[in-house]
Amino acid sequence: MLHPHPQHGGTMNNRVVYILYQAFVKRGFSALRFNFRGVGRSQGVFDNGQGELSDAASALDWMQAQNPNTKSCWIGGFSFGAWVAMQLMMRRPEIDGFVSVAPPANIHDFSFLAPCPASGMILHGDKDDIVPQVSVDKLVQKLKKQKNIGIDYRVVKGGNHFFQDDVSELIGHLNDYLDKSLPKAA
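The working numbering numbers the first residue of the sequence shown as 10 and each following residue consecutively.
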């Protein structure tokens with residue numbers, strides 16, 4: 010589970026990242042959340058996404074080494090972490106699905122998702138003042154035109170970029186999607 014932008018206070022302890030993490034743990038997955046380089050006790054400095062993508066790839070390598078018999082591999086991210094997660098998914102064919110929360114489609118180019126290699130869920134708040142809903146709507150429409158994948162797009166009413174108020178709707182949408190989409194025994 011990949012966290013928001015390191016230069017804007019994003020850490021593995023972010024509430025939305027923790028919600029994603031717990032949703033997968035609850036379903037029997039081995040799940041990992043970690044700090045990108047330069048965050049918390051992690052060494053290094055912010056690298057505009059390139060180094061953070063390398064961090065995520067290394068974390069996935071470690072997870073796979075710890076769980077060699079896993080039957081399913083998913084990735085999730087929030088904001089900046091969603092952008093990094095989607096890039097990693099393009100490079101790692103073993104990733105079966107994704108959950109992307111508030112992907113920064115107005116800030117970063119997501120055209121690399123052509124074709125998108127896996128189905129997944131995109132969650133976004135309708136009161137997001139950092140990533141306007143219209144930019145995520147456009148991303149979703151591009152993804153939905155692709156063959157052999159499904160995109161479950163859900164808008165959280167009243168949700169701002171950080172889902173600072175009530176997260177129950179976010180959790181409800183996430184749980185509903187995962188219950189329908191994940192293999193029963195991870």
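Where is the CB? At the ideal position from N, CA and C, for every residue including glycine.
Computed from a prediction, not measured in an experiment: that's the story for all the values here.
Continuous alpha helix (DSSP H) stretch holding residue i: start and end
i, result
"residue 182", "177 to 190"
"residue 130", "First-last for residue 130: 128 to 134, but that is the beta strand (DSSP E), not the alpha helix (DSSP H)."
"residue 33", "24 to 34"
"residue 109", "Per DSSP, residue 109 belongs to no alpha helix (DSSP H); it is in the beta strand (DSSP E), 106 to 110."
Contacts around residue i, its chain only, beta-carbon distance under 7 Å, and the 5 residues preceding and following it disregarded
i, result
"residue 148", "112, 114, 119"
"residue 138", "169, 170"
"residue 13", "19, 23, 87, 88, 89, 90"
"residue 180", "28"
Residue i, DSSP secondary structure in three states
i, result
"residue 48", "coil"
"residue 194", "Unreliable positioning characterises residue 194 in this predicted model, as indicated by a pLDDT of 49, which lies under 50. A coordinate reading is not provided."
"residue 119", "coil"
"residue 161", "strand"
"residue 63", "helix"
"residue 87", "strand"
"residue 148", "helix"
"residue 69", "helix"
"residue 11", "strand"
"residue 93", "helix"
"residue 20", "coil"
Proximity test, residue i beta-carbon vs the ligand MN heavy atom, cut-off 6 Å
i, result
"residue 12", "Absence of the ligand MN is noted for the structure shown, with no ligands found whatsoever."
Spatial neighbours of residue i in its chain, beta-carbon cut-off 6 Å, leaving aside the 5 residues before and after
i, result
"residue 195", "With a pLDDT of only 47 at residue 195, under the threshold of 50, the placement of this residue in the model should not be trusted; the figure read from the coordinates follows. Excluding sequence neighbours, residue 195 sits near 37, 38, 81."
"residue 144", "114, 115"
"residue 42", "10, 21, 26, 30"
"residue 106", "83, 127, 128, 129"
"residue 191", "36"
"residue 159", "128"
Sequence-distant residues of the same chain with beta carbon closer than 8 Å to residue i, five excluded per side
i, result
"residue 58", "89, 92, 93, 96, 117"
"residue 74", "none"
For residue j and residue i, believed in contact at Cβ under 8 Å, the rounded distance
i, j, result
"residue 62", "residue 108", "Wrong, their Cβ atoms sit about 18 Å apart, outside the cutoff."
"residue 135", "residue 165", "7 Å"
Exercise. Looking at C-beta atoms only, is the number of pairs between the region 150 to 158 and the region 169 to 179 that lie closer than 8 Å three or more?
Worked result: no
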